[in-house]
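Be aware that the sequence shown starts at 12, since it is given in this note's numbering, and climbs by one per residue.
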Amino acid sequence: MTASAEKYTHQTLLNVTSLTPNLFTLRTTRDPGFRFRAGQFARMGVTKADGSIVWRAYSMVSSPHDEFLEFFSIVVPDGEFTSELSRLREGDTLLIDRQAFGFLTLDRFVDGRDLWMLSTGTGIAPFLSILQDFEVWEKFERIILVYSVREARELAYQQLIAGLTERDYLADYAGKLLFLPTVTREHYPGALGGRITQLIESGELERAAGLQMTPEHSRVMLCGNPQMIDDTRQMLKLRDLQLSLSRRPGQVAVENYW
Ligand code: FAD
């Protein structure tokens with residue numbers, strides 16, 4: 012990926028927090044002119060030792076009304092971008108595209124009662140942005156956030172999720188959110204214990220939510236691992252839940268991370 016200088020801004024890293032050796036969160040300054048809708052992503056650039064710039068897409072975790080930008084990142088062993096990104100420290104510079112992109116946003120859905128947000132790993136990022144914005148709480152009666160990780164220590168942003176409905180502007184919506192973490196490689200009390208596709212197939216996810224996935228009521232957002240997204244889309248298709256397109260509104264919106 013390349014971008015000419017006028018297409019991006021230089022932002023400063025304010026905070027880097029490691030969650031596990033392979034996961035970390037980062038917060039940067041935000042250009043006052045940078046606008047995005049909750050659920051969108053930006054292209055982030057890092058400068059390598061030889062002076063070249065590597066670009067990758069990153070979903071915003073922060074909400075559109077925050078003054079900073081927050082991101083949640085994997086470290087891919089020998090990954091071209093994340094090897095560089097994970098070396099950066101507070102005060103270092105990151106490049107961020109002036110424009111935000113992506114269609115994993117609430118305007119994909121014209122109606123619906125229940126919003127299912129199904130994520131694997133860092134794919135939870137756009138859902139955290141959407142949940143920190145007001146619109147989703149007004150638009151849906153029930154919101155089910157499913158977060159699949161391999162090990163419990165990979166569950167990020169637990170305090171943020173638990174504290175959402177304690178925020179003043181969300182206090183009236185306390186009963187709407189159901190958070191369903193699922194940990195696939197170890198037993199973890201309070202979490203489900205299977206992959207998202209297995210949980211849908213067995214009916215366990217709907218039982219845990221106390222809701223059924225139907226074309227009439229459900230709107231489903233999928234983010235993260237492309238295999239999870241493909242397999243889940245196939246299962247949803249069998250229930251008549253279709254991808255939502257501009258020319259044909261449907262029930263499903265997706266963002267593949269690779
Ligand atoms: P790459 O060469 O890009 O990837 C190498 C391999 O690593 C991939 O083939 C895949 O197997 C694996 N991989 C890549 N990304 C991930 C991931 N996130 N989780 C697990 N395995 C992965 N990544 C984030 O960490 N956080 C985000 O918020 C995020 N948002 C994205 C939004 C969009 C729209 C897209 C397309 C991708 C997003 N990604 C995100 C992935 C990100 O762009 C890079 O792929 C990632 O930073 C790895 O870059 P790399 O050069 O180190 O490795």
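Backbone N, C-alpha and C fix where the C-beta goes; we use that ideal spot for every residue, glycine too.
Starting from the N-terminal end, write out each residue whose C-beta falls within a distance shorter than 5 Å of any non-hydrogen atom of the ligand FAD.
-> 52, 67, 68, 69, 70, 84, 85, 87, 90, 91, 92, 93, 132, 133, 136, 268 and 269
Between residue 250 and residue 258, what straight-line distance do the alpha-carbon atoms span, to the nearest angstrom?
-> The count along the sequence shown starts at 1 and reaches residue 250 at position 239. The count along the sequence shown starts at 1 and reaches residue 258 at position 247. Computed Cα separation, rounded: 21 Å.
Going by alpha carbons, who is nearest to residue 137 out of 95, 23 and 51?
-> Here residue 137 corresponds to residue number 126 of the sequence shown, with the count starting at 1. The shortest C-alpha separation from residue 137 is found at 51.
Stretch-stretch touch, CB-based, cutoff 8 Å, three pairs: the stretch 138-145 with the stretch 235-242 | no
Same chain, Cβ closer than 7 Å to residue 219, five either side skipped, listed in chain order | For the purposes of this step, residue 219 is identified with residue 208 of the sequence shown, where counting begins at 1. The residues are 191 and 203.
Rounded C-beta distance between residue 159 and residue 193? I'm assuming under 8 Å.
-> Here residue 159 refers to the residue found at position 148 of the sequence shown. Here residue 193 refers to the residue found at position 182 of the sequence shown. About 5 Å separates the two Cβ atoms, so the contact holds.
Name the two residues that bound the continuous alpha helix (DSSP H) containing residue 174.
-> Here residue 174 is taken as the residue at index 163 of the sequence shown, counted from 1. Start and end: 169-174.
To the nearest angstrom, report how far apart residue 148 and residue 55 are at their CA atoms.
-> For the purposes of this step, residue 148 is taken as residue 137 along the sequence shown, with counting starting at 1. For the purposes of this step, residue 55 is taken as residue 44 along the sequence shown, with counting starting at 1. Roughly 29 Å separates the two Cα atoms.
Tell me whether residue 253 sits in a helix, a strand or coil according to DSSP, three-state version.
-> By one-based count along the sequence shown, residue 253 stands at place 242. In the structure shown, residue 253 sits in coil (DSSP, three-state: anything other than H, G, I, E or B).
Is residue 134 buried or exposed, if buried means 16 or more other CB atoms sit within 10 Å of its CB?
-> As a working mapping, residue 134 is identified with position 123 in the sequence shown. Classification for residue 134: buried.
In whole angstroms, what is the alpha-carbon distance linking residue 174 and residue 253?
-> Indexing the sequence shown from 1 puts residue 174 at position 163. Indexing the sequence shown from 1 puts residue 253 at position 242. Answer to the nearest angstrom: the Cα atoms are 33 Å apart.
Buried or exposed: residue 19, going by 16 or more other Cβ atoms within 10 Å of its Cβ?
-> Start at 1 with the first residue of the sequence shown, and residue 19 comes out as number 8. Flag for residue 19 reads buried.
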